[in-house]
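Peer 1: I have a structure I would like to understand better, so I am pasting it below and will then ask my questions one at a time.
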Amino acid sequence: MVTAKPSALATGSRSLWAQLQYRWPVGLISELHFEAKDPNEVQRATQQVAASRPGAWAFQRTLHPIDKALYRLTQGRLTVLGLMAGLPVIMVTTTGAKTGKDRTMPLVGIPVADDIAVIGSNFGQKATPGWVYNLRAKPEATIAYGAESVEVTARSATEDETEQAFQAGAAFYAGFPKYRERASHREIEVFVLEPRQT
135 MVTAKPSALA TGSRSLWAQL QYRWPVGLIS ELHFEAKDPN EVQRATQQVA ASRPGAWAFQ
195 RTLHPIDKAL YRLTQGRLTV LGLMAGLPVI MVTTTGAKTG KDRTMPLVGI PVADDIAVIG
255 SNFGQKATPG WVYNLRAKPE ATIAYGAESV EVTARSATED ETEQAFQAGA AFYAGFPKYR
315 ERASHREIEV FVLEPRQT
């Protein structure tokens, strides 16, 4: 099973990641052509701001509506977090636990084997994000990455998968360990998203 981030496996013109995808062409990473790239210097600087307490506070309150709008305007090609911080953003559409209405949130996708995990860190803020409650109530969701869209089922990550997700996430975004430390008063829930079985 593959748990490392794609950029960590690069070997010359054809990455080991691509070779492994060819050997195991199953799961969301293959279906969505998902990849996590190494950030450039400007993106790393933006990540430092986002990982700081003031940056995380500001991004948590302002980023989601801007990200969703940019994603729509560019037909899935761009997100703010992708441009500014070099992070692999997926759009996760859940069903509201209270309203029953569709709710779409831009979240950082994290490779776990050939599926994708999402971490309910909420930028290290005190409250658990609403999409976590939505997935608990109804684990069926839709995720989009670029021009691709896949129906998924979310399940709570095992303890091992949770650690894998945090380690893989930290490999391309240093904010995850900081968010985990700041939100240590609550359990940060991690979900593994898998292709929905029909």
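Going letter by letter, the sequence shown gives residues 135 to 332 in our numbering.
Glycine included, each C-beta is placed from N, C-alpha and C at the ideal position.
(1) Using the Cα positions of PRO199 and ASN256, report the straight-line distance between them to the nearest angstrom.
(2) Put SER318 into one of helix, strand or coil per three-state DSSP.
(3) Can you give me the C-alpha to C-alpha distance between ARG270 and LYS312, rounded to a whole angstrom?
(4) Around the Cβ of TRP191, are there at least 16 other Cβ atoms within 10 angstroms (buried) or fewer (exposed)?
(5) Does the stretch 300–310 come close enough to the stretch 263–281 that 3 or more CB-CB pairs lie under 8 Å?
(6) What are the start and end residues of each continuous beta strand (DSSP E) run of 3 or more residues lying completely inside the stretch 172–244, in chain order?
(7) When the Cα of GLU293 is compared with those of VAL286, ALA302 and VAL324, which residue comes out closest?
(8) Tell me whether PHE325 sits in a helix, a strand or coil according to DSSP, three-state version.
(9) Using CA atoms only, rank isn't needed, just tell me which of ALA317, VAL226 and ARG178 is closest to ILE244.
(10) Assuming GLY161 contacts ALA247 (C-beta within less than 8 Å), just tell me the rounded distance between them.
Peer 2: Working from what's here:
(1) 15 Å
(2) coil
(3) 25 Å
(4) exposed
(5) no
(6) 223–229 and 236–242
(7) VAL324
(8) strand
(9) VAL226
(10) 7 Å
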